[in-house]
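Participant: Got a structure for you, written out below as structure tokens; questions coming shortly.
Protein chains: 2
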Amino acid sequence: MSLQQYPSVLLENAVNEFAKLPGVGRKSALRLVLHLLKQSEEDVDLFGNAVIRMRREVKRCRSCHNISDTDLCDICANPARDHSLLCVVENIKDVMSVENTQQFRGVYHVLGGIISPMDGIGPADLEIDSLVQRVHGGEVHEVLLALSPTMEGDTTNFYIYRKIADSGVPITTIARGVSIGDELEYADEVTLGRSIVNRVPFTMKN
Amino acid sequence: MSLQQYPSVLLENAVNEFAKLPGVGRKSALRLVLHLLKQSEEDVDLFGNAVIRMRREVKRCRSCHNISDTDLCDICANPARDHSLLCVVENIKDVMSVENTQQFRGVYHVLGGIISPMDGIGPADLEIDSLVQRVHGGEVHEVLLALSPTMEGDTTNFYIYRKIADSGVPITTIARGVSIGDELEYADEVTLGRSIVNRVPFTMKN
């Protein structure tokens, strides 16, 4: 379709904003905006303000770097969790995936990404220094590396391993029930849950 | 996936709002929200406010009922358009589709829907009375019915035909180059453009 004529600049602005979202083309953006146009002003206010508030007010947990409504997230603040078992994940979604399995009672460390030279993401861009500090802090008795079984995940595992091996803290990794090359977030709960229960000592080979 | 644990109520609210949009599941909603979380506060404000402002400030043209930033839309306010040729369409998107063909220099009447007993939409829910008034007003010399060639479109065409046949104003319909059963908004510009140029007198048969 050639250049689209919008009947209203207000509409066009809203479509432009939606079309910036990943996976949303201009046709989909228009459909979403026209749907919102049919909702009540109050409902659209709720939508817009939920997004604005979320961005402005959400915090990062000072311990695990997961997002949180408080300085220390619910998981890190929970005394019933095992604070000696530390699960290292790439991002927020992976915390949610692991929590969903209900197989993990430890705490997390969210790297905020994965080492990927192709995307220009190096160790300094991730929460690796703070991880090393936590592991050397004495409270952690096991580090469970739960990164996606991809080349980038493996690279990140190796990098972390080299940084914390001298701490003497045992390092494990989730069992590769998850097929090699898959993204962690698409794994089903049963497979991911079993891979946590069957975790194995980390070596340079597995 | 069973009930999802969100690390933040603010995040959960935003995901819930996105998941209300048509065609957006909870996984997609989460992905969109996490994308916004990575954008600057200013950019997310722009997004949220564009949507809120659009809903609060956009108007309906008092003549054709298309959406507009002003009381009378740009098309109705344009003296270069042929105000004696009135194109009846279902909704805003169809105005945009017809405008995109650059084959139509008349004006529009947006019904705001289509007669669909299955969805509980009857003539009283649509801008049909105002259409009848416009047609009987004297300025209109041709009514072009440009509804989707579906059962609902045909029903609506017949209903309008019966309401305005006594005005003596010629009634045409877009040529059925568009395949029967398709939605108008998915027609390609060339087909839709040709179907406007080749419009034919409306009868109960075509």
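Order-wise, the sequence lines are chains U and A.
Going by our numbering, the first sequence opens with residue 1, and the numbers climb by one from there.
Going by our numbering, the second sequence opens with residue 1, and the numbers climb by one from there.
Glycine included, C-beta positions come from ideal geometry on N, C-alpha and C.
Let me know if residue 186(U) comes out buried or exposed under the rule of 16 or more other beta-carbons within 10 Å of its beta-carbon.
Facilitator: Translated into the one-based positions of the first sequence, residue 186(U) becomes position 186. The residue in question, residue 186(U), is exposed, as its Cβ has fewer than 16 Cβ neighbours within 10 Å.
Participant: List, in order along the chain, the chain U residues whose C-beta lies closer than 7 Å to that of residue 11(A)?
Facilitator: For the purposes of this step, residue 11(A) is taken as the residue at position 11 of the second sequence. Those within 7 Å of residue 11(A) in chain U are 54, 58 and 67.
Participant: Can you tell me whether residue 161(U) is helix, strand or coil according to DSSP?
Facilitator: For this step, residue 161(U) is matched to residue 161 along the first sequence. Helix, per DSSP.
Participant: Grab me the residues of residue 71(U)'s own chain with a C-beta within less than 8 Å of its C-beta, minus the 5 sequence neighbours each way, in chain order.
Facilitator: Translated into the one-based positions of the first sequence, residue 71(U) becomes position 71. Correct list, in chain order: 59, 61 and 62.
Participant: Where are the alpha helix (DSSP H) runs, 4 residues long or more, that stay fully inside the segment 114 to 192 of chain U, in chain order?
Facilitator: Whole alpha helix (DSSP H) segments, 4+ residues: 128 to 136 and 151 to 164.
Participant: What three-state label does DSSP hand residue 59(U) in the structure shown?
Facilitator: As a working note, residue 59(U) is residue 59 in the first sequence. Note: residue 59(U) maps to strand in three-state DSSP.
Participant: For the ligand GDP, is there any heavy atom lying closer than 8 Å to the beta carbon of residue 78(U)?
Facilitator: Judged by which ligands are present, the structure shown has none, so any question about the ligand GDP falls away.
Participant: Find the nearest neighbour of residue 150(U) within the set 168(U), 80(U) and 182(U), judged by alpha-carbon distance.
Facilitator: The residue given as residue 150(U) occupies position 150 in the first sequence. That would be 182(U), whose Cα lies nearest to the Cα of residue 150(U).
Participant: What are the boundary residues of the alpha helix (DSSP H) that includes residue 35(U)?
Facilitator: Counted from its first residue, the first sequence places residue 35(U) at position 35. Run containing residue 35(U): 26 to 38, per the alpha helix (DSSP H) assignment.
Participant: Where does residue 109(A) land, buried or exposed, given buried means 16+ other C-beta within 10 angstroms?
Facilitator: Taking the second sequence and counting its residues from 1, the one referred to as residue 109(A) is at position 109. With 16 or more Cβ atoms within 10 Å of its Cβ, residue 109(A) is classed as buried.
Participant: May I ask you to report which of helix, strand or coil DSSP gives residue 67(A)?
Facilitator: Here residue 67(A) refers to the residue found at position 67 of the second sequence. Looking at residue 67(A) - three-state DSSP - the assignment turns out to be strand.
Participant: If we cut at 9 Å on Cβ distances, does residue 122(U) have a partner in chain A?
Facilitator: Within the first sequence, the letter at position 122 stands for residue 122(U). Chain A contact via Cβ: absent.
Participant: When you compare the CB of residue 89(A) with every CB in chain U, is at least one pair closer than 9 Å?
Facilitator: Residue 89(A) sits at position 89 when you count from the first residue of the second sequence. With 9 Å as the cut-off, residue 89(A) does not count as an interface residue toward chain U.
Participant: Which of the three DSSP states, helix, strand or coil, is assigned to residue 207(U)?
Facilitator: What is shown of chain U runs 1 to 206, which leaves residue 207(U) out entirely.
Participant: Alpha carbon to alpha carbon, what distance is there between residue 81(A) and residue 144(A)?
Facilitator: For the purposes of this step, residue 144(A) is taken as residue 144 along the second sequence, with counting starting at 1. For the purposes of this step, residue 81(A) is taken as residue 81 along the second sequence, with counting starting at 1. Spanning the two alpha carbons is a distance of roughly 15 Å.
Participant: Can you tell me which of the three DSSP states residue 82(U) falls into?
Facilitator: Residue numbering aside, residue 82(U) sits at position 82 when the first sequence is read from its first letter. Looking at residue 82(U) - three-state DSSP - the assignment turns out to be strand.
Participant: Check the Cβ of residue 8(A) against every Cβ in chain U and list those closer than 7 Å, keeping chain order.
Facilitator: Residue numbering aside, residue 8(A) sits at position 8 when the second sequence is read from its first letter. Going along chain U in sequence order, the residues near residue 8(A) (Cβ under 7 Å) are 58, 67, 68 and 69.
Participant: Pull the bridge partners of residue 106(A) from the DSSP assignment, please.
Facilitator: For this step, residue 106(A) is matched to residue 106 along the second sequence. Answer is 82(A).
Participant: What is the DSSP secondary structure of residue 2(U), reduced to helix, strand or coil?
Facilitator: Here residue 2(U) refers to the residue found at position 2 when the first sequence is read from its first residue. With a pLDDT of 41 at residue 2(U), under the threshold of 50, the predicted position of this residue should be treated as unreliable, and no value is reported.
Participant: Which whole-angstrom value is the C-beta distance of residue 52(U) and residue 45(A), which I expect to be below 8 Å?
Facilitator: As a working note, residue 52(U) is residue 52 in the first sequence. As a working note, residue 45(A) is residue 45 in the second sequence. Residue 52(U) to residue 45(A), Cβ: 6 Å. Contact.
Participant: Quick check on residue 203(A): buried or exposed, where buried means 16 or more other Cβ atoms within 10 Å of its Cβ?
Facilitator: On the second sequence, position 203 is the one that residue 203(A) refers to. It counts as exposed.
Participant: When burial is assigned at 16 or more other CB atoms within 10 Å of the CB, is residue 65(U) buried or exposed?
Facilitator: What you label residue 65(U) is simply residue 65 of the first sequence in a count that begins at 1. So residue 65(U) counts as buried.
Participant: Count the other C-beta atoms from every protein chain shown that fall within 10 angstroms of the C-beta of residue 88(U), then say buried if there are 16 or more, exposed otherwise.
Facilitator: Here residue 88(U) refers to the residue found at position 88 of the first sequence. Residue 88(U) should be labelled buried.
Participant: Starting from the C-beta of residue 199(A), find all residues in its chain whose C-beta is less than 7 Å away, skip the five residues before and the five after it, and write them out in chain order.
Facilitator: Taking the second sequence and counting its residues from 1, one reaches residue 199(A) at position 199. Once the five neighbours on either side are set aside, the close Cβ partners of residue 199(A) are 144, 172, 173, 174 and 175.
Participant: If you count every other CB in all the chains shown that lies within 10 Å of the CB of residue 55(U), and 16 or more means buried, which is it?
Facilitator: Within the first sequence, numbered from 1, the residue matching residue 55(U) stands at position 55. Under this definition residue 55(U) is a buried residue.
Participant: Nearest by alpha-carbon distance to residue 188(A): which of 162(A), 115(A), 96(A) and 163(A) is it?
Facilitator: Here residue 188(A) is taken as the residue at index 188 of the second sequence, counted from 1. When each option's Cα is compared against that of residue 188(A), the closest is 96(A).
Participant: From residue 139(U) to residue 84(U), what does the alpha carbon distance come to, in whole angstroms?
Facilitator: The residue you call residue 139(U) lines up with position 139 of the first sequence. The residue you call residue 84(U) lines up with position 84 of the first sequence. Rounded to whole angstroms, residue 139(U) to residue 84(U) spans 6 Å at the Cα level.
Participant: Restricting to Cα atoms, I'd like to know which of 23(A), 50(A), 128(A) and 92(A) is closest to residue 34(U).
Facilitator: The residue you call residue 34(U) lines up with position 34 of the first sequence. The candidate whose alpha carbon is nearest that of residue 34(U) is 92(A).
Participant: Under 7 Å between beta-carbons, which chain U residues line up against residue 92(A)? List them in chain order, please.
Facilitator: Residue mapping note: residue 92(A) aligns to position 92 of the second sequence, counting from 1. Neighbours of residue 92(A) on chain U, chain order: 7 and 34.
Participant: Does any CB atom of chain A fall closer than 9 Å to the CB of residue 78(U)?
Facilitator: Residue numbering aside, residue 78(U) sits at position 78 when the first sequence is read from its first letter. So no, residue 78(U) is outside the interface.
Participant: Kindly say whether residue 21(A), judged by its beta-carbon, lies nearer than 9 Å to any beta-carbon of chain U.
Facilitator: Position 21 of the second sequence, counted from the first residue, corresponds to residue 21(A). With 9 Å as the cut-off, residue 21(A) counts as an interface residue toward chain U.
Participant: Can you confirm whether residue 47(U), when its beta carbon is compared against all beta carbons of chain A, has any partner nearer than 9 Å?
Facilitator: Residue 47(U) sits at position 47 when you count from the first residue of the first sequence. Answer yes: the Cβ-Cβ gap between residue 47(U) and chain A drops below 9 Å somewhere.
Participant: Could you tell me if residue 154(U) is buried or exposed, where buried requires 16 or more neighbouring beta carbons within 10 angstroms of its beta carbon?
Facilitator: In the first sequence, residue 154(U) corresponds to position 154, counting from 1. So residue 154(U) counts as buried.
Participant: Measure how close the beta-carbons of residue 128(U) and residue 147(U) come, nearest whole angstrom, since I'm counting them as under 8 Å.
Facilitator: To locate residue 128(U), count along the first sequence from 1; it is residue 128. To locate residue 147(U), count along the first sequence from 1; it is residue 147. At roughly 12 Å, the Cβ-Cβ gap does not stay under 8 Å, so residue 128(U) and residue 147(U) are not in contact.
Participant: Enumerate in chain order the residues of its own chain whose CB-to-CB distance from residue 122(A) is below 8 Å, with the five nearest sequence positions on each side excluded.
Facilitator: Within the second sequence, numbered from 1, the residue matching residue 122(A) stands at position 122. Here the set comprises 115.
Participant: Use the C-beta contact count for residue 195(U): other C-beta atoms within 10 angstroms, 16 or more gives buried, fewer gives exposed.
Facilitator: Translated into positions along the first sequence, residue 195(U) becomes position 195. Buried is the call here.
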